[in-house]
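A short worksheet on the structure shown next.
In full-length UniProt numbering, the protein residues as written are 1 to 110.
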């Protein structure tokens with residue numbers, strides 16, 4: 001999904017500070033509006049009496065785009081607060097097999 005790719009880019013931008021999250025949001029919003037305009041224009045050209053299934057499919061896609069745009073608005077409204085939060089650090093776990101323990105002899109004397 002394009003939204004998943006955007007989310008990963010946004011999280012990397014927030015974690016590394018190497019790109020501007022607001023610019024990423026702006027570019028994503030621009031792309032979504034372009035697609036929304038394209039699908040809306042296509043939908044308006046269809047005859048509701050002969051292309052109802054196609055219209056319903058386009059309605060679904062349009063509503064998904066509108067939801068994605070609202071999601072971007074929500075992210076943008078919370079961005080300042082998110083930027084104040086510390087970046088979570090991953091838990092480091094050793095990889096591979098654990099080191100072998102030296103064999104110990106258990107001798108009991110009586």
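Here a beta-carbon is modelled for each residue, glycine too, at the ideal position from N, C-alpha and C.
Item, Value
"Own chain, CB closer than 8 angstroms to residue 79, minus 5 neighbours either side, in chain order", "21, 22, 25"
"Chain-order list of residues whose beta-carbon lies under 6 angstroms from that of residue 6 (same chain, five-residue window excluded)", "28"
"Endpoints, alpha helix (DSSP H) assigned at residue 84", "52-84"
"Contact set for residue 9: own chain, Cβ-Cβ below 7 angstroms, skip 5 residues either direction", "24"
"Assigned exposure category for residue 83 - 16 Cβ within 10 Å defines buried", "exposed"
"Beta-carbon proximity of residue 32 to residue 68, cut-off 8 angstroms", "yes"
"Three-way DSSP call (helix, strand, coil) for residue 49 in this model", "coil"
"Own chain residues within Cβ distance below 8 angstroms of residue 72, not counting five before or after", "25, 28, 29, 32"
"For residue 55 and residue 46, believed in contact at Cβ under 8 angstroms, the rounded distance", "5 angstroms"
"Where residue 19 sits in the DSSP three-state scheme", "coil"
"Pair within 8 angstroms by beta-carbon distance, residue 62 and residue 43", "yes"
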